[in-house]
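Below is one structure, written out as structure tokens, with a few remarks after it.
In the working numbering, the protein residues as written are 157 to 316.
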């Protein structure tokens with residue numbers, strides 16, 4: 157097992173000031189290249205989401221649940237460091253980024269009107285993982301609440 161994974165297993169770390177500083181530095185570099193704040197944040201967020209998705213995919217392919225959990229926790233920390241987008245509401249019919257299988261599973265859990273901790277228990281993942289998936293679902297659906305996310309998901313035929 158690579159040393160980075162062994163370290164992550166022993167001491168997973170949430171996104172902290174150093175991670176936020178890296179994100180801020182990257183956004184600054186993109187602005188220096190002529191990107192406005194929104195475009196810079198979008199580019200950084202896309203990169204962080206891509207990295208997190210890769211970590212989750214690798215975790216899904218592993219046979220070791222503890223290592224997989226460390227990777228998923230690291231993916232959650234990566235997503236937590238993503239710049240907050242403006243809270244502008246997208247039109248529900250606007251093309252959206254597709255939801256991953258895990259995000260769809262969390263979305264189905266949201267229908268049950270149970271706490272996120274219960275959804276995490278049902279899916280055998282950490283509470284922070286469910287929070288990250290929930291944020292991704294809200295972002296991808298342009299929603300700001302559970303009810304709004306469920307409404308938009310129904311409009312798009314993702315759930316009944």
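We put the CB at the ideal spot given by N, CA and C, even for glycine.
- Message: Going by DSSP, what residue range makes up the alpha helix (DSSP H) through residue 275?
- Response: Residue 275: member of the alpha helix (DSSP H) spanning 272 to 279, first to last residue.
- Classify residue 315 as helix, strand or coil using the three-state DSSP reduction. DSSP places residue 315 in coil when its eight states are reduced to three.
- Kindly list the residues whose CB is nearer than 6 Å to the CB of residue 231, restricted to its own chain and excluding five residues on each side of it in sequence; keep chain order. Answer for residue 231: 208, 211, 212, listed in chain order.
- Query: When the distance is taken between beta carbons, is residue 266 closer than 9 Å to residue 290?
  - Reply: Yes, these two residues count as a Cβ contact at 9 Å.
- Message: According to DSSP, is residue 299 part of a helix, a strand, or is it coil?
- Response: Here residue 299 carries a coil assignment [DSSP, helix/strand/coil].
- Item | Chain-order list of residues whose beta-carbon lies under 8 Å from that of residue 287 (same chain, five-residue window excluded) | Listed in chain order, the non-local C-beta contacts of residue 287 below 8 Å within the same chain comprise 232, 272, local neighbours out to five positions each way being set aside.
- Message: Please report the distance separating the alpha-carbon of residue 182 from that of residue 206.
- Response: Those two C-alpha atoms are separated by around 16 Å.
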